[in-house]
Structures are given as structure tokens and as C-alpha cells.
Amino acid sequence: MIKEQLNVLINLAASDNNVAESEARLIYMIGQANNISREDVDDMMKNPRPIGNMSTLTPDQKFEHLYHIVQLMKIDGQVFKSEIAFCEDMAVKLGYDKKVIKELSSKIYSDPSITSDRDRLKKRVQKFMK
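If you count by the numbering used here, then the sequence shown holds residues 1 to 130, one letter each, in order.
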């Protein structure tokens, strides 16, 4: 499960044709927190796979995907249209209305050390579930 999530983040990081150092740090940090070696993450970054079917994820897993892609989109201090489009496409694949990205991006900080109230955010995004 976590490797699929990292693959989504890698695809997002590469969507503007430039993986920023801050984006890579977040991807490595998530990998390390889930016992995935730096070498495995390196391999994944060199060879990103197409994003698979997301319909089997639990609501909590879907929310975690959304949370991390929005955080990654904002982490380098620059948000590109290609990144927004990628996040909106991912939201739709996860069963949300694409407007959920705007809602989350106003509530999620670019600094991963500043955490948002995830439970409150989870409740807010439920209204965007299709």
C-alpha cells in the first residue's frame, strides 16, 4: 500500500518536469517512516510506474493519499498548473470531486513539521466524496 502511495507522490513530483529537493525529502521521509529503504525509493523515483486502480482503498487511505499529494504540491513553495491538474485528477480517481483540492490546499501547510487537524480535515472533505 505505501509503495503505491509513494509512486503517486513520485508521479506528482515529476509532473512539472522537476523534482525539487524539498519534494524528494518528503518522499524519502515518508518512505523511511514506513520502513522503505532509501535505495528502494531511489529505484522508484528512477522508474515511476503508472498509477493503479484506487477504488479498493479505504476512506482513510484515500484521505491520506489526498493529504500527501496536496502537501507535496505545496512543499517547494511553488504550485504549477500541472501539479494542480495532477492533484485534481487524483482526487477524481479517489472518488472525490476535484474541488476538494482547493479546500485541502487552503488547510494543509507546505512545511511537514506543521500538522493540520487531520480528523477535522477528514470530516470536511467527506462532502466532496462522490
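C-beta: ideal position from N, C-alpha, C; glycine also.
Next on the checklist: By alpha-carbon positions, which one of M73, R124 and N17 ends up nearest to D97?
Outcome noted: R124
Checklist entry - What number of angstroms, rounded off, separates the C-alpha of G91 from the C-alpha of M54? => result Checking the displayed sequence, the identity of residue 91 turns out to be Ala instead of Gly. Their Cα atoms are separated by approximately 10 Å.
Item to check | Y67, DSSP secondary structure in three states | outcome: helix
Item to check | Of the residues K3, I2 and L9, the one placed nearest I84, counting alpha carbons only | outcome: L9
Checklist entry - Does the beta-carbon of E21 have 16 or more other beta-carbons within 10 angstroms, so that it is buried, or is it exposed? => result Flag for E21 reads exposed.
Next on the checklist: Any beta carbon from chain D within less than 9 Å of L94's own beta carbon?
Outcome noted: The structure shown has no chain D; it contains just one protein chain.
Checklist entry - Exposed or buried, Y67, counting other C-beta atoms within 10 Å across all chains shown (16 or more means buried)? => result buried
Item to check | Euclidean distance between Cα positions of L6 and R25 | outcome: 12 Å
Checklist entry - By Cβ distance, which residues of its chain are closer than 7 Å to F63, with the 5 residues on each side in sequence left out? => result K122 and V125
Checklist entry - Once you ignore the five residues that flank I101 on each side, which residues in its own chain have a CB closer than 7 Å to its CB? => result V70, I84, C87, E88 and A91
Checklist entry - If we count the other Cβ atoms within 10 Å of its Cβ and call it buried at 16 or more, is M45 buried or exposed? => result buried
Next on the checklist: Do I51 and K93 count as a contact pair if the criterion is CB distance below 9 Å?
Outcome noted: yes
Item to check | Where S37 falls, given that 16 or more other Cβ within 10 Å makes a residue buried | outcome: Looking at its Cβ environment, which holds fewer than 16 other Cβ atoms inside 10 Å, S37 is exposed.
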